[in-house]
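Visitor: From first to last, the protein sequence lines stand for chains A and B. The first sequence begins at 145 in the working numbering and counts up by one. The second sequence begins at 1123 in the working numbering and counts up by one. Backbone N, C-alpha and C define an ideal beta-carbon position, used for all residues, glycine too. Below is one structure. I have some questions about it.
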Amino acid sequence: MYSRRLELSVGAFVLLGALCLAFLALEVSGLASTGDNGTYRLSARFDNVAGLTTRAKVSAAGVTVGRVVGIRYDKATAAAIVDMEISQDFAEFSEDTSASILTAGLLGEKYIGLSTGGDPNNLADGDMIYDTQSAIVLEELIGKFLLNMSSEK
Amino acid sequence: MIDWIAGVGRSTLSQVSDLGRASLMLMQAIFGRSNVGVYARLTVDQIYAVGVLSLSIIIVSGLFIGMVLGLQGYTILTDYGSEQALGQMVALSLTRELGPVVTALLFAGRAGSALTAEIGLMKATEQLASLEMIGVDPLRRVVAPRFWAGVISLPILSLIFVSVGCLGGALVGVSWLGVDSGSFWANMQASVDFFDDVFNGMIKSVVFAIVVTWIAVYQGYDLVPTSEGIARATTKTVVYASLAVLGLDFFLTAVMFGEI
């Protein structure tokens, strides 16, 4: 009644499930590619982060180097502080690195672009980037444009 | 009018007492002393019946749903010139929604109805009563292994469904429609998070597994022991289980992904 074939097929079924979990973890969600060598944390102060979300990517020269892990509001300076986790593989950003909020494509998601400067000292874990360029808010742009139009007349 | 109100009251009372009986049955089947060795073997038997035998339908439907997602997604995304996002679209819809939900619906139709009919026929032919007569608790001997088998099998089936679906999407998107293979998988890996998406999908699947199997074994255990009763209980299993899955899915989605 309790045959070996049945045992074998149930075992194979469970094994197949485990393989699929591994496939989903490695191939689909890319679990292994994040945090190979650990990460370090940088913060940046922006006047405006409209549209940026956590888990947005942080890129330098178009290469993804980390992720946004938190967005806070700093009451003292009335600015937004963005916390980023940068992979240790990309640990060489100079102290005068600037950060800007960019948009992927016309309607795409917001991400942070880092461009490194010429300072010989590098940013370390927990450092803050002050040289930033805020998100472009379409309404503000249109408002400025309309203002210019009316003042020209 | 009075009759109608009385009818509403009666049916509400009977629904509530149904729920109570179902909960008591589940408690008695799961908790309480039992010989673990024997029941583990019975559970393995049932995993074969509800899990292994459902594999073919799960794999085939997973493949086709993945392929349809690839095809539909491509025609829409290509309008916006962003067909690289195809992998992301296929993987996110499968891991978050389609995988758990469609697997649970198929499972309710394929395995749930079979469970109900099997237990119902045992009741109608008085096998359950005979078991009780010789001192074996039918809840523990018949219901519990089937319940656990369902709870174990459905999440595994769901994992298989999602994996096969992603491969199906890749087959259509990359091999046939010519989306770049690198950007297909890289976009997928960049946007799918293991804990937020895959793991939450699995939690959904476990919840659906408990609900679907519970409904199936309860309908079988509680039916009117006639051929008509079995037919009605089997229908009820599929209808109630499908509605419960779709309804619960909304609430689980609201809790898990609502703030995003």
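1) So who's on the other strand from Asp191 (chain A), going by DSSP bridges?
2) So who's on the other strand from Ile225 (chain A), going by DSSP bridges?
3) Quick one: give me the first and last residue of the alpha helix (DSSP H) that Tyr1340 (chain B) is part of.
4) Are the stretch 220-238 of chain A and the stretch 179-196 of chain A touching, with three or more C-beta to C-beta distances below 8 angstroms?
5) Taking only beta-carbon atoms, is Gly1291 (chain B) less than 7 angstroms away from chain A?
6) Here's the rule: buried if 16 or more other CB atoms are within 10 angstroms of the residue's CB, otherwise exposed. What is Pro264 (chain A)?
7) Give a yes or no on whether the minimum CB-CB distance between Leu1243 (chain B) and chain A is below 7 angstroms.
8) Under 7 angstroms between beta-carbons, which chain A residues line up against Pro1282 (chain B)? List them in chain order, please.
9) Can you check which of these residues, B:Val1346, B:Gly1300 and B:Val1296, is closest to Glu1248 (chain B) by C-alpha distance?
10) Taking Cβ-Cβ distances shorter than 8 angstroms, what residues in chain A pair up with Trp1126 (chain B)?
11) Using a Cβ-Cβ cut-off of 7 angstroms, state whether Met1310 (chain B) counts as contacting chain A.
12) So, with DSSP's three-state summary, where would you put Ser203 (chain A)?
13) Based on Cα-Cα distance, which residue from B:Val1172, B:Asp1125, B:Ser1285 and B:Val1294 lies nearest to Gln1194 (chain B)?
14) Using a Cβ cut-off of 7 angstroms, pull out every chain B residue sitting near Ser234 (chain A), in sequence order please.
15) Mind checking if Val154 (chain A) is an interface residue toward chain B, Cβ cutoff 7 angstroms exclusive?
16) Taking the alpha-carbon positions, what's the Gly1351 (chain B) to Gly1221 (chain B) distance?
17) Buried or exposed for Gln1341 (chain B), going by 16 or more other Cβ atoms inside 10 Å?
18) Where do the ends of the alpha helix (DSSP H) carrying Ala1363 (chain B) lie?
19) Who are the Cβ neighbours of Asn266 (chain A) in its own chain at under 8 angstroms, not counting the five residues just before and after it?
20) Could I get the ranges of all uninterrupted alpha helix (DSSP H) runs contained in the stretch 1274-1319 of chain B, with 4 residues as the minimum, in chain order?
21) What are the boundary residues of the beta strand (DSSP E) that Ile245 (chain A) is part of?
22) Which of the three DSSP states, helix, strand or coil, is assigned to Gly1272 (chain B)?
23) Which of the residues in the stretch 1166-1179 of chain B, read from start to end, lie with their CB under 8 angstroms from any CB of chain A?
24) Report the three-state DSSP secondary structure of Tyr274 (chain A) (helix, strand or coil).
25) Hey, would you say the C-beta of Asp269 (chain A) is under 6 angstroms away from at least one heavy atom of the ligand HEM?
26) Establish whether the CB of Ser173 (chain A) and some CB of chain B are separated by less than 7 angstroms.
27) Could you pull the start and end residues of the alpha helix (DSSP H) that Tyr1196 (chain B) belongs to?
28) Per the contact definition of three or more C-beta pairs closer than 8 angstroms, is the stretch 185-194 of chain A in contact with the stretch 1298-1311 of chain B?
29) Is there contact here, the stretch 1177-1190 of chain B with the stretch 1282-1291 of chain B, by at least three beta-carbon pairs under 8 angstroms?
30) For Gly1300 (chain B), does the count of other Cβ atoms within 10 angstroms reach 16, so buried, or fall short, so exposed?
31) Give me the Cβ distance between Ala1151 (chain B) and Ala1266 (chain B), rounded to the nearest whole Å; I'm assuming they're in contact under 8 angstroms.
32) Taking Glu151 (chain A) as the query, report the chain B residues whose CB atoms sit under 8 angstroms from its CB, ordered along the chain.
Guide: Put simply:
1) Paired residues: none, contrary to the question.
2) A:Arg189 and A:Arg216
3) Unbroken alpha helix (DSSP H) run through Tyr1340 (chain B): Asn1322 to Asp1344.
4) yes
5) no
6) exposed
7) Closer than 7 angstroms: no.
8) It should be noted that the sequence gives Ile, not Pro, for residue 1282 (chain B). Simply Leu160, Gly161 and Cys164.
9) B:Val1346
10) Those within 8 angstroms of Trp1126 (chain B) in chain A number zero; the least Cβ separation is about 50 angstroms.
11) yes
12) Strand at Ser203 (chain A).
13) For Gln1194 (chain B), the nearest C-alpha among the options comes from B:Val1294.
14) Going by the sequence as given, residue 234 (chain A) is Phe instead of Ser. Going along chain B, no residue has its Cβ under 7 angstroms from Phe234 (chain A), so there is no contact; the nearest lies around 16 angstroms.
15) yes
16) Between Gly1351 (chain B) and Gly1221 (chain B), the C-alpha separation is close to 32 angstroms.
17) buried
18) Looking at the DSSP string, the run of the alpha helix (DSSP H) that includes Ala1363 (chain B) is Ser1349 to Phe1379.
19) Ala235, Glu236, Phe237, Ser238 and Glu239
20) 1303-1313
21) Ile245 (chain A) -> beta strand (DSSP E) spans Ser242 to Thr247.
22) Looking at Gly1272 (chain B) - three-state DSSP - the assignment turns out to be helix.
23) Val1166, Asp1167, Ile1169, Tyr1170, Gly1173, Val1174 and Leu1177
24) coil
25) Within the structure as shown, the ligand HEM is missing, as the structure has no ligands at all.
26) Interface residue, yes.
27) Leu1177 to Leu1199
28) The stretch 1298-1311 of chain B makes no contact with the stretch 185-194 of chain A; the number of CB pairs closer than 8 angstroms stays below 3.
29) Touching, yes.
30) By the C-beta density criterion, Gly1300 (chain B) is exposed, having fewer than 16 other C-beta atoms within 10 angstroms.
31) Contact between Ala1151 (chain B) and Ala1266 (chain B) is confirmed by a C-beta separation of about 4 angstroms, below the 8 angstroms threshold.
32) Val1166
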